[in-house]
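Q: Dropping the structure in here first, questions after.
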Amino acid sequence: MRCPVCGARMISGQICRYCNVTSDQVLEASNKEAKKAFKEKRKEEVCFTTNIPKDVNKLKLVLYTILLGWVGVGSFYVGRIYKGLYSAITFGLMVISVVAKLSFGETEVLMFISSFITWFMVANLLMWISDIFGFIFRTYKVPVVLPKNELNVKHHSIKIK
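In the numbering used here, the protein residues as written are 14 to 174.
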């Protein structure tokens, strides 16, 4: 297990030697709280972990990502809104491009716009494939908020001058 705050290796039942995060905190992390923190503009409380939290249905996440990840559904499910928006908008632009080609024919302007959009779609598909490989190799990261811990509170309340 890796510390979601600093990325250092953690052994189960121990404390991260750099930022005092315990493995219990990582196991009790909440994705729902992360979504709430993003909405309330408290991004500094959110960190990303490769451990799928208890409040995320792992089967749903895997199915959404594999079957509908190219449209951004898996990203929206865990609260990765910007990534989901990128996927959804890119897919929408690609559909509009195809419909425009079918309606108006292959004009020079439409061909240019279509080729431009195609590069965004290629990037989107690469992100989708990387998410699938993330599940296979357990590197897929989910935004979470860690529960508070006395050691953490003491560590973060120290101000260095």
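Backbone N, C-alpha and C fix where the C-beta goes; we use that ideal spot for every residue, glycine too.
Predicted model only: the values in this text are computed from it and were never measured.
1. Do the CB positions of A21 and V158 come within less than 8 Å of each other?
2. Run through DSSP, which three-state label would I142 get?
3. Just mark T120 as buried or exposed, buried being the case when its beta carbon has 16 or more other beta carbons within 10 Å.
4. Going by the CB atoms, is the gap between S88 and D68 shorter than 8 Å?
5. If you follow the beta strand (DSSP E) that V86 is in, where does it begin and where does it stop?
6. Would a C-beta distance cut-off of 8 Å place T78 and I126 closer than the cut-off?
7. Take W83 and list the residues in its own chain whose beta-carbon comes closer than 7 Å to its own, dropping the five residues that flank it on each side.
8. Can you check DSSP and say which residues form a bridge with C29?
9. Give me the Cα-Cα distance between M124 and L80, rounded to the nearest whole angstrom.
A: Taking the definition as stated:
1. no
2. helix
3. exposed
4. no
5. No beta strand (DSSP E) contains V86, which is instead part of the alpha helix (DSSP H) from 86-91.
6. no
7. S100, F104, N137, L138, W141
8. Answer by DSSP bridge pairing: none, since C29 is not bridged.
9. 29 Å
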